Every structure is written in C-alpha cells, then in structure tokens.
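In our numbering, the protein residues as written are 1 to 82.
Quick reminder that beta carbons are idealized off the backbone N, C-alpha and C, glycines included.
Here the structure is a predicted model, which means the values were calculated and not measured.
Written as structure tokens, this is what we have:
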C-alpha cells in the first residue's frame, strides 16, 4: 500500500484485517510515482529494481474476522446512498 493513509497505524492494521492478507510496506515515499516510472522504463526496454519491503503488517486472527464482518455491514448500509 502507499499514500497518506500508510502513516496511520490504525488504518494499516484495519486494512490487513479486513482483507485477511499481509501488507508489505515499502521504504519509498512516492510508490505510485515509482510504479509509473517502472512502467515507463519497461516501455523503453529497461527495468527498475524492485523496492525492498520495509515492514509487514499481519492480520490479527479473530479481530480480522470481526472487522471484515463490520466492514461488510458498512458497505451494505452504504449501497444506494446518493
């Protein structure tokens, strides 16, 4: 993941729990720009090195299931809002 929300420890853990997946945080401030540069480099026959993983966020077992359920409920409530 990248962007401003990566600064929030709560959001990072929430996202890992809701997705039920490990999150890999990279040690690059502008990962989206790096990805765009990587694609441009590939387009001209070059390859940029992969950014190393700086840290990993692991979903918290039972908390993950609870958060997935609550997130699903929130999505269902939001359907049809205008």
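Expressed to the nearest angstrom, what Euclidean distance is found between the alpha-carbon atoms of residue i and residue j?
i          : j          : result
residue 78 : residue 65 : 20 Å
residue 14 : residue 35 : 24 Å
residue 58 : residue 16 : 6 Å
residue 76 : residue 70 : 10 Å
residue 28 : residue 38 : 13 Å
Based on the DSSP output, what are the partners of residue i in its beta bridges?
i          : result
residue 24 : 56
With 16 as the cutoff for other CB atoms within 10 Å, does residue i come out buried or exposed?
i          : result
residue 7  : exposed
residue 42 : exposed
residue 48 : exposed
Could you tell me which of the options sits nearest to residue i, measuring between CA atoms?
i          : options          : result
residue 20 : 26, 12 and 27    : 12
residue 26 : 80, 81, 1 and 39 : 1
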